[in-house]
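All remarks here apply to the structure that follows.
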Amino acid sequence: MTLRESLMADLKTAMKAGESARVATIRMVTAKLKDVEIAGRAKGNEGLSEEEGISALRGMIKSRTESATLYRDAGRPELADKEEAEIAVIRGYLPPELDEATLKGAVEEAIASTGAASMKDMGKVMGVLKARFGAALDMGRASAAVKALLG
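For the sequence shown, the numbering used here gives the first residue as 12, with consecutive numbering after it.
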């Protein structure tokens with residue numbers, strides 16, 4: 012089942028169950044994916060690839076995480092809770108993340124295969140990781156792991 016099909020099926024289920032917050036979040040996600048698809052058409056792409064969809068979802072999670080932090084700092088826990096609930100729904104559509112041991116092993120393997128010796132070689136290592144794992148890899152976590160091993 013594609014990401015879009017999964018979203019539409021879950022939207023119908025949430026509507027029938029009367030879960031208004033979940034319905035709103037799923038509609039927001041489908042709107043974002045539609046925006047990404049339309050922007051891709053301007054570049055000559057036809058449709059939305061799974062990789063682009065996953066990237067858009069990761070971007071949505073990142074912005075909501077930042078918003079939740081700002082809301083907590085400003086003393087607005089109810090708004091932070093809303094953002095965190097949206098994050099939980101969006102995470103349900105992402106592929107499972109690599110555990111720490113697997114991520115560290117993959118980074119070590121990428122460093123060895125590229126012959127990276129310093130932070131100057133970080134781009135090469137990240138390129139190998141992205142080619143190998145694609146959308147399944149959270150680039151923020153991978154970047155931190157590469158920095159820890161190269162730095």
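Cβ atoms here follow ideal geometry from the backbone N, Cα and C, with glycine treated the same way. Bear in mind the structure is a predicted one, so any value in this text is a computation, not a measurement.
ask   = Taking the alpha-carbon positions, what's the Ala53 to Asp46 distance?
value = Inter-residue distance for Ala53 and Asp46 is about 11 angstroms (C-alpha atoms, whole angstroms).
message = Going by C-alpha to C-alpha distance, which of Asp149, Ser129, Ser31 sits closest to Pro106?
response = The candidate whose alpha carbon is nearest that of Pro106 is Asp149.
query = Candidates Ile122, Leu14, Ser124: which alpha carbon is nearest Glu62's?
reply = Taking only the C-alpha atoms, the option nearest Glu62 is Leu14.
task = Let me know the beta strand (DSSP E) ranges lying completely inside the segment 51-91, each 3 residues or longer, listed in chain order.
result = The qualifying runs do not exist here; there are none.
query = Do you know offhand how far Glu94's Cα is from Gly29's?
reply = Computed Cα separation, rounded: 20 angstroms.
key: Short Cβ contact (8 angstroms threshold) for Thr43 with Ala25   = According to the sequence as given, residue 43 is Lys; it is not Thr. Lys43 places its beta carbon 8 angstroms or farther from that of Ala25.
key: Exposure label - Gly103; buried when at least 16 CB within 10 Å   = Exposed.
key: Euclidean distance between Cα positions of Asp115 and Ala96   = Before going further, note that residue 115 is Lys rather than Asp in the sequence given. So the alpha carbons of these two residues sit roughly 29 angstroms apart.
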